[in-house]
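There are 2 protein chains.
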Amino acid sequence: MADKLTPRSEDYSKWYNEIVPRAGLADYAPVRGCMVIMPYGYALWENIRADLDRRFKETGHVNAYFPLFIPMSFLEKEAEHVEGFSPELAVVTHGGGKELEEPLVVRPTSETVIGALYSKWIQSYRDLPVLINQWANVVRWEKRPRLFLRTTEFLWQEGHTAHATREEAEEETIRMLNVYADFAEQTAAIPVIRGRKSESEKFAGGVASYTIEAMMGNCWALQSATSHFLGQNFAKAFDITYLDRDNVLQHCWTTSWGLSTRMVGAVIMAHGDDQGLMLPPRLAPIQVVVVPIWKEDAQRATVMAAVEEIQRSLSDVRVEVDARDEYSPGWKFNEWELKGVPVRVEIGPRDVEKGQAVLSRRDVSGKAGKSFVPLEGLAQAVIDLLEEVQRALYDRALAFREEKTVDVSNYDDLREAVSGHFVRAYWCGSPEDEARLKEDTKATSRCIPIDQHVEPGVCAICGQPAQEKAIFARAY
Amino acid sequence: MADKLTPRSEDYSKWYNEIVPRAGLADYAPVRGCMVIMPYGYALWENIRADLDRRFKETGHVNAYFPLFIPMSFLEKEAEHVEGFSPELAVVTHGGGKELEEPLVVRPTSETVIGALYSKWIQSYRDLPVLINQWANVVRWEKRPRLFLRTTEFLWQEGHTAHATREEAEEETIRMLNVYADFAEQTAAIPVIRGRKSESEKFAGGVASYTIEAMMGNCWALQSATSHFLGQNFAKAFDITYLDRDNVLQHCWTTSWGLSTRMVGAVIMAHGDDQGLMLPPRLAPIQVVVVPIWKEDAQRATVMAAVEEIQRSLSDVRVEVDARDEYSPGWKFNEWELKGVPVRVEIGPRDVEKGQAVLSRRDVSGKAGKSFVPLEGLAQAVIDLLEEVQRALYDRALAFREEKTVDVSNYDDLREAVSGHFVRAYWCGSPEDEARLKEDTKATSRCIPIDQHVEPGVCAICGQPAQEKAIFARAY
Numbered sequence: 171m172a173d174k175l176t177p178r179s180e181d182y183s184k185w186y187n188e189i190v191p192r193a194g195l196a197d198y199a200p201v202r203g204c205m206v207i208m209p210y211g212y213a214l215w216e217n218i219r220a221d222l223d224r225r226f227k228e229t230g231h232v233n234a235y236f237p238l239f240i241p242m243s244f245l246e247k248e249a250e251h252v253e254g255f256s257p258e259l260a261v262v263t264h265g266g267g268k269e270l271e272e273p274l275v276v277r278p279t280s281e282t283v284i285g286a287l288y289s290k291w292i293q294s295y296r297d298l299p300v301l302i303n304q305w306a307n308v309v310r311w312e313k314r315p316r317l318f319l320r321t322t323e324f325l326w327q328e329g330h331t332a333h334a335t336r337e338e339a340e341e342e343t344i345r346m347l348n349v350y351a352d353f354a355e356q357t358a359a360i361p362v363i364r365g366r367k368s369e370s371e372k373f374a375g376g377v378a379s380y381t382i383e384a385m386m387g388n389c390w391a392l393q394s395a396t397s398h399f400l401g402q403n404f405a406k407a408f409d410i411t412y413l414d415r416d417n418v419l420q421h422c423w424t425t426s427w428g429l430s431t432r433m434v435g436a437v438i439m440a441h442g443d444d445q446g447l448m449l450p451p452r453l454a455p456i457q458v459v460v461v462p463i464w465k466e467d468a469q470r471a472t473v474m475a476a477v478e479e480i481q482r483s484l485s486d487v488r489v490e491v492d493a494r495d496e497y498s499p500g501w502k503f504n505e506w507e508l509k510g511v512p513v514r515v516e517i518g519p520r521d522v523e524k525g526q527a528v529l530s531r532r533d534v535s536g537k538a539g540k541s542f543v544p545l546e547g548l549a550q551a552v553i554d555l556l557e558e559v560q561r562a563l564y565d566r567a568l569a570f571r572e573e574k575t576v577d578v579s580n581y582d583d584l585r586e587a588v589s590g591h592f593v594r595a596y597w598c599g600s601p602e603d604e605a606r607l608k609e610d611t612k613a614t615s616r617c618i619p620i621d622q623h624v625e626p627g628v629c630a631i632c633g634q635p636a637q638e639k640a641i642f643a644r645a646y
Numbered sequence: 171m172a173d174k175l176t177p178r179s180e181d182y183s184k185w186y187n188e189i190v191p192r193a194g195l196a197d198y199a200p201v202r203g204c205m206v207i208m209p210y211g212y213a214l215w216e217n218i219r220a221d222l223d224r225r226f227k228e229t230g231h232v233n234a235y236f237p238l239f240i241p242m243s244f245l246e247k248e249a250e251h252v253e254g255f256s257p258e259l260a261v262v263t264h265g266g267g268k269e270l271e272e273p274l275v276v277r278p279t280s281e282t283v284i285g286a287l288y289s290k291w292i293q294s295y296r297d298l299p300v301l302i303n304q305w306a307n308v309v310r311w312e313k314r315p316r317l318f319l320r321t322t323e324f325l326w327q328e329g330h331t332a333h334a335t336r337e338e339a340e341e342e343t344i345r346m347l348n349v350y351a352d353f354a355e356q357t358a359a360i361p362v363i364r365g366r367k368s369e370s371e372k373f374a375g376g377v378a379s380y381t382i383e384a385m386m387g388n389c390w391a392l393q394s395a396t397s398h399f400l401g402q403n404f405a406k407a408f409d410i411t412y413l414d415r416d417n418v419l420q421h422c423w424t425t426s427w428g429l430s431t432r433m434v435g436a437v438i439m440a441h442g443d444d445q446g447l448m449l450p451p452r453l454a455p456i457q458v459v460v461v462p463i464w465k466e467d468a469q470r471a472t473v474m475a476a477v478e479e480i481q482r483s484l485s486d487v488r489v490e491v492d493a494r495d496e497y498s499p500g501w502k503f504n505e506w507e508l509k510g511v512p513v514r515v516e517i518g519p520r521d522v523e524k525g526q527a528v529l530s531r532r533d534v535s536g537k538a539g540k541s542f543v544p545l546e547g548l549a550q551a552v553i554d555l556l557e558e559v560q561r562a563l564y565d566r567a568l569a570f571r572e573e574k575t576v577d578v579s580n581y582d583d584l585r586e587a588v589s590g591h592f593v594r595a596y597w598c599g600s601p602e603d604e605a606r607l608k609e610d611t612k613a614t615s616r617c618i619p620i621d622q623h624v625e626p627g628v629c630a631i632c633g634q635p636a637q638e639k640a641i642f643a644r645a646y
């Protein structure tokens with residue numbers, strides 16, 4: 171580590187751009203806008219993926235894989251859909267040495283091609299519901315790329331379900347929104363607001379879009395996952411029909427929902443400090459790093475014997491021993507703090523003598539974060555501390571968000587607060603209001619929270635009657 | 171199941187084409203040459219993937235993700251490589267609504283783009299070896315597509331490693347070949363021949379390619395995975411260099427190795443019979459299906475209570491209970507046989523009374539494959555039977571291959587035998603010989619087996635001196 175990391179408190183954006191490659195999470199690819207997910211970042215994604223995949227399977231979904239290439243004409247079958255995605259498409263015009271008769275789109279999302287297959291697979295009410303998810307790469311051309319947050323290619327999962335009734339499809343939409351929210355809060359330690367997207371922010375071709383919105387360390391919002399109720403729009407465009415119990419042909423009701431490698435960006439930006447990353451234990455590729463310390467070579471064997479014993483006792487934990495000779499303990503401490511490992515175990519010859527080790531938590535700096543623990547009970551102490559850090563990261567992020575959320579009732583206050591807060595305000599829902607706010611402040615409506623019990627009021631932007639409050643913020 | 175499945179013994183190729191969609195493994199996509207991997211087929215791939223991923227991690231590899239798009243100029247840096255892949259490329263010419271300055275290739279394999287990144291990441295001998303794998307989709311334009319065997323897009327893993335010395339890279343090449351062979355034999359129950367590819371069959375841009383070749387049910391060969399020693403070819407083309415211990419700049423030695431969704435095709439074609447699939451227990455998405463049987467509704471509760479008890483006792487097994495009312499037991503037996511579930515448990519009211527169930531193994535038809543087992547010891551009996559079926563599938567495939575392998579010493583015998591056998595014969599290695607055989611019989615050299623201890627002999631094709639024997643066969 172030649173250069174010092176720019177402190178997060180000094181320049182948040184610069185900190186992010188530096189920490190991502192330096193911690194071994196990702197790097198830019200030779201093709202502008204594309205990214206390489208490096209091993210440490212990919213391990214984080216694998217943990218996200220494993221946790222979500224388990225949740226999807228528990229809620230009755232199965233995985234499948236649909237093709238990367240979609241005929242251009244498919245996208246054109248749903249008018250709003252093609253209008254929304256056209257500016258972002260990558261188009262294959264040549265294949266196998268020849269110009270293609272019809273250009274192929276590299277999937278930006280798969281509603282259309284999956285719709286064509288569902289039309290073929292679904293015949294009867296007995297075939298419903300269809301509950302399929304896929305893990306895949308998608309491409310949306312990006313002019314202002316940023317690693318994990320906006321890249322031309324990214325990895326994600328997209329769930330696509332078909333149902334017999336509107337009610338079932340709406341239930342599924344909210345069920346999966348809740349799966350995302352639980353994942354974000356319990357596993358990624360990021361509190362989120364569950365809400366509906368405004369008309370201008372909703373999925374192109376859908377009826378209603380739901381989102382989980384998280385506050386990042388600079389008070390900007392990150393849309394962390396979305397769940398869409400598609401009504402019968404795609405069922406009509408792709409002829410997804412079934413014979414009901416009375417032998418009457420009906421259109422299906424469909425949903426789609428997705429979470430991407432953006433979530434890695436959320437984890438980086440929601441947690442972390444001037445020293446680097448701060449990974450939630452449930453997602454951290456390395457949960458515990460053990461750093462053995464000795465001054466004379468003669469001490470090495472004693473210390474390493476204790477370290478091996480510690481490693482054995484932590485068989486249920488993702489543990490790494492850093493016994494490299496070429497680096498000093500202090501250098502290693504910095505390195506693993508930068509990489510956000512939640513818990514560190516330090517042990518030297520004196521500790522071995524005393525039958526103890528030093529436990530150090532990443533989220534509390536200085537002496538307050540350190541404690542001497544007897545070797546006998548170390549494994550349990552480590553497991554408990556990991557749970558404690560997991561909770562503490564969530565609590566800290568929640569307290570931060572609450573501190574940085576304000577309620578306003580007029581446009582002047584909204585305009586002023588929105589650069590550094592989540593702003594909650596009555597809104598009539600008019601697209602003109604949203605356009606005006608965006609023009610003035612670059613902020614947008616993030617969502618209309620689902621859990622709100624408010625009396626009708628007055629729109630903070632235009633003064634018209636408003637039924638609900640919305641959250642406004644700058645967003646990635 | 172309206173139409174009867176074409177028997178495998180009657181028309182092997184037709185059987186394959188019918189069983190793949192009918193068993194719910196895969197379907198053709200709207201874009202010619204592309205495939206949809208359906209949930210049952212994807213579950214099979216997930217099991218392949220999980221087993222291999224564990225093996226890769228045990229041998230010190232980590233996963234990462236590299237971009238889908240590769241600048242055309244990158245492929246051109248390695249002359250043989252671009253020549254080999256050019257006819258198969260899909261090319262993106264437009265992105266974000268504009269024509270691109272440089273066309274982008276949709277990766278057919280990733281040596282080039284990974285080479286560019288390794289050049290950046292590797293500086294010193296301390297950075298070596300780099301042992302990275304990626305799970306990804308790749309595209310190679312396919313004119314005669316066949317589900318799983320040859321599709322324009324397929325899923326695979328590609329390992330890419332960089333080493334300080336030639337010896338280390340060669341060791342890695344063989345290590346991964348052995349990982350593939352162990353996987354094929356132990357997990358997929360498919361015996362394979364480990365060997366070197368001939369000059370005309372080797373990877374474009376590599377120094378030496380190794381393969382595992384498996385015999386399918388029609389005596390054709392399927393190249394099931396490959397491992398390439400790339401020498402310094404890509405290191406020189408992409409400037410992958412490191413400073414050695416003496417501070418001298420050296421080029422790295424690299425390898426690459428891959429296994430794809432073709433392996434699903436291998437599992438289908440190596441096993442199976444007239445009734446359908448026959449999945450090896452270690453890969454089967456459903457290892458055991460339980461079919462409850464009753465004639466009167468009053469019996470249902472009794473039988474289902476026993477079934478639930480059975481299901482509970484099989485918590486370590488992938489078990490499915492088929493209690494659907496709309497189908498008869500006979501229909502269900504056919505369905506699950508077609509889907510290749512290794513073990514079936516049948517239980518009716520009389521069985522419950524007697525405290526027993528019927529265990530039926532997929533690989534042995536008729537009474538010989540059935541046994542009555544006391545409910546008390548059922549779980550263990552099922553686990554033992556799964557192991558037994560796993561072994562039996564391997565043994566059967568091995569016996570079949572041995573029966574269908576012949577040694578010949580002259581061209582007439584080679585030409586005659588090669589349509590229905592693996593033919594082992596001395597070969598001098600000349601590309602002209604191979605071209606002649608292909609012209610005459612459509613067969614090719616599959617590999618020069620690694621494990622052979624033969625005296626020098628005479629080439630069976632051209633009569634020149636030959637040092638080694640090769641395996642010749644028709645191939646997918």
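Those protein sequences? They're chains A and B, same order as listed.
Residue 353 in the numbering used here is what sits at position 183 of the first sequence, and the numbering runs on without skipping anything.
Residue 487 in the numbering used here is what sits at position 317 of the second sequence, and the numbering runs on without skipping anything.
Glycine included, C-beta positions come from ideal geometry on N, C-alpha and C.
Secondary structure of Gln-560 of chain B (DSSP, three-state): helix. For Ile-302 of chain A, a Cβ of chain B is located within less than 8 angstroms of the residue's own Cβ.
Across the structure, Asp-467 of chain A and Gly-375 of chain B are spaced so that their CA atoms are roughly 47 angstroms apart.
Ranked by Cα distance from Phe-373 of chain A, the first of A:Leu-555, A:Lys-608, A:Val-543, A:Pro-278 is A:Pro-278.
Of all C-beta pairs linking the stretch 583-594 of chain B to the stretch 559-568 of chain B, fewer than three are shorter than 8 angstroms, placing the two stretches out of contact. Counting every other CB atom within 10 Å of its CB across the protein chains shown gives His-623 of chain B a total below 16, marking it as exposed. Three or more pairs of CB atoms, one per stretch, sit closer than 8 angstroms, so the stretch 361-368 of chain A contacts the stretch 617-637 of chain A. About 15 angstroms separates the CB atoms of Leu-400 of chain B and Thr-381 of chain B; that is not less than 8 angstroms, and the two are not in contact. Taking 8 angstroms as the cut-off, the beta carbon of Pro-361 of chain B is found no closer than this to the beta carbon of Glu-323 of chain A. Within the model, the alpha-carbon separation for Pro-273 of chain A versus Asp-221 of chain A is close to 37 angstroms. Here DSSP, grouped into helix, strand and coil, assigns Met-385 of chain B to strand. Cβ neighbours of Ile-240 of chain B within its own chain (closer than 7 angstroms, five residues either side excluded): Leu-274, Val-275, Arg-277, Thr-282, Val-283. The beta carbon of Lys-184 of chain A is closer than 7 angstroms to those of Thr-176 in its chain, skipping five residues each way along the sequence. Around the Cβ of Trp-501 of chain A, a 10 Å sphere holds fewer than 16 other Cβ atoms; the residue is exposed. Per DSSP, reduced to three states, the secondary structure at Asp-197 of chain A is strand. The stretch 254-292 of chain B contains, as complete alpha helix (DSSP H) runs of 4+ residues, the segments 281-291 (chain order). At least one CB of chain A lies nearer than 8 angstroms to the CB of Glu-258 of chain B. Put simply, the CB of Thr-229 of chain B is far from chain A, with every gap to its CB atoms at 8 angstroms or more. For Met-205 of chain A, the beta-bridge partners assigned by DSSP are A:Tyr-198. Collapsing the DSSP output to three states places Glu-466 of chain A in coil.
For the C-beta of Glu-216 of chain A, the chain B residues within less than 8 angstroms are, from N- to C-terminus, Asn-233. For the pair Ala-440 of chain A and Ala-493 of chain A, the CB atoms are not nearer than the 8 angstroms cut-off. Only those residues of the stretch 493-505 of chain B whose C-beta falls short of 9 angstroms from the nearest C-beta of chain A are listed: Glu-496. Spanning the alpha carbons of Leu-325 of chain B and Ser-430 of chain B requires a straight line of approximately 6 angstroms.
The beta strand (DSSP E) runs lying completely inside the stretch 575-638 of chain B and spanning 3 residues or more are 575-577, 592-597, 614-619, given in chain order. Proximity to Arg-345 of chain B across B:Asp-444, B:Leu-259, B:Glu-228, B:Gln-393 peaks at B:Glu-228, based on C-alpha coordinates.
Counting C-beta atoms within 10 angstroms of its own C-beta, Glu-557 of chain A has fewer than 16 neighbours from the protein chains shown and is therefore classed as exposed.
For a Cβ distance threshold of 9 angstroms, residue set Gly-266 of chain A lies close to Lys-313 of chain B, ordered along the chain.
Glu-516 of chain A: member of the beta strand (DSSP E) spanning 513-517, first to last residue. Residues of the stretch 181-208 of chain A that bring their beta carbon within less than 8 angstroms of a beta carbon in chain B comprise Asp-197, Ala-199, Pro-200, Val-201, Cys-204, Met-205, Val-206, Ile-207, Met-208, in sequence order. In the three-state DSSP reduction, Tyr-182 of chain B falls in the helix class (H, G or I). In this structure, the straight-line span from the alpha carbon of Gln-402 of chain A to that of His-421 of chain A is close to 7 angstroms. If you look at Glu-338 of chain B, you'll find it in the alpha helix (DSSP H) that goes 336-352.
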